[in-house]
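Numbering (the working numbering), first residue to last: 337 to 427. Even glycine gets a Cβ: it sits at the ideal position worked out from N, Cα and C. Input: a single structure, listed below in structure tokens.
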């Protein structure tokens, strides 16, 4: 069983899933090997405890991979902003 980017999924991984118009972040558990959909559960904190929600692991990202992408995009945007500020366009 693998995440959307091909990384192997394991119970206990910190994952991120886009569920309709919201992003869920939590811990993967109760994976079902051999199933194509709804093959795991994500647990995340809510007021008063935790909630488990079914997920399709192939539609999720490991949190480390998601943050690595965000950091890479941040570096690209910072470089572009520095270049734009150093060399302003002439009207």
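Rounded to whole angstroms, the Cβ separation of residue 339 and residue 394 is 7 Å, and the two are in contact under 8 Å. Around the beta carbon of residue 347, fewer than 16 other beta carbons lie within 10 angstroms, which makes this residue exposed. For the options 391, 349, 383 and 385, the alpha carbon positioned closest to that of residue 356 is the one of 391. Between residue 368 and residue 361, the gap from beta carbon to beta carbon reaches 8 Å or more. Residue burial is scored here from C-beta neighbours: residue 405 has fewer than 16 other C-beta atoms within 10 angstroms and is therefore classed as exposed.
Per DSSP, residue 382 is one residue of the beta strand (DSSP E) stretching across 376–382. One Cα belongs to residue 363, the other to residue 349, and the distance between them is close to 6 Å.
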